[in-house]
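Per UniProt numbering, the sequence shown starts with residue 1, numbered consecutively.
The beta-carbon is built from N, C-alpha and C at its ideal position, and this holds for glycine as well.
Just so it is clear, the structure is predicted and the values come from calculations on it, not from any experiment.
Structure first, commentary second.
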Amino acid sequence: MQRGIHADLSLERRPGKGIALVAAERFEEGALVFQYVGEVLSQAAYLHQELKDGHRSAHTYGIAATTSEVIDASYVGGMARFANHSCSPNCTIERWEVAGETCCGKFAKQTIHAGEEITIRYGKSFVLPEKEKLCLCGSSNCTGFM
1 MQRGIHADLS LERRPGKGIA LVAAERFEEG ALVFQYVGEV LSQAAYLHQE
51 LKDGHRSAHT YGIAATTSEV IDASYVGGMA RFANHSCSPN CTIERWEVAG
101 ETCCGKFAKQ TIHAGEEITI RYGKSFVLPE KEKLCLCGSS NCTGFM
């Protein structure tokens, strides 16, 4: 993680989803798939930014790094910000500090095959009510909203 090594990933357009993050290689369960990078903001600063930018984008690129911090990939971030939501995601989020900085790594919850979409559970901790959307993940345990 500290050396910035990450997996071979690609971006593809997927019907009904727009841009999707896709595995270009196989990942075994527990493997690091990507690090979520962006600007680390307080929850208050992030929500303020979301309110200010709300009219420009329906997308949300913030991931809760801690209970009070968000990693916001809206303006600074890698292709990992295109991981779509699923109510049954194939990746899980782990958070820790490296050299004094908050990091979020996404790890495979199961074997992910090349060509398979990389998904995470977005959660609602930092989502403004006006940005809540219908969920179209298609999972058997879909909650209906994200």
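When you compare the CB positions of His-113 and Arg-26, do they come within less than 7 Å of one another, or not? The residue you call residue 113 lines up with position 113 of the sequence shown. The residue you call residue 26 lines up with position 26 of the sequence shown. Yes, Cβ-Cβ distance for His-113 and Arg-26 is below 7 Å.
Name the one or two DSSP bridge partners that Thr-92 has. Your numbering for residue 92 matches position 92 in the sequence shown. According to DSSP, Thr-92 bridges with Phe-107.
Cut-off 6 Å between Cβ atoms - residues of its own chain near Asn-84, not counting five sequence neighbours on either side: On the sequence shown, position 84 is the one that residue 84 refers to. Cβ within range, chain order: Lys-17, Ala-20, Thr-119.
Val-98 by DSSP, collapsed to three states: which one? Position 98 of the sequence shown, counted from the first residue, corresponds to residue 98. Three-state result, Val-98: strand.
Going straight from the alpha carbon of Cys-103 to that of Trp-96, what length do you get? In the sequence shown, counting from the first residue as 1, residue 103 sits at position 103. In the sequence shown, counting from the first residue as 1, residue 96 sits at position 96. Computed Cα separation, rounded: 5 Å.
Roughly how many angstroms lie between the CA atoms of Ile-71 and Glu-101, to the nearest whole one? What you label residue 71 is simply residue 71 of the sequence shown in a count that begins at 1. What you label residue 101 is simply residue 101 of the sequence shown in a count that begins at 1. Each residue's alpha carbon lies about 11 Å from the other.
Hey, out of Phe-107, Glu-69, Val-22, whose CA is closest to Phe-34's CA? Here the question's residue 34 lines up with position 34 in the sequence shown. Of Phe-107, Glu-69, Val-22, the residue nearest in Cα terms is Phe-107.
Nearest-angstrom Cα separation, counted from Gly-105 out to Gly-36: Locating residue 36 in the sequence shown gives position 36, counting from the first residue. Locating residue 105 in the sequence shown gives position 105, counting from the first residue. The sequence shown places Tyr at residue 36, not Gly. About 6 Å.
For the beta strand (DSSP E) containing residue 149, list its first residue and its last residue. The shown model of the chain, from 1 to 146, leaves out residue 149, and the question about it has no answer.
Please give me, in chain order, every unbroken run of the alpha helix (DSSP H) with length at least 4 that falls completely inside the stretch 8 to 55. 43 to 53
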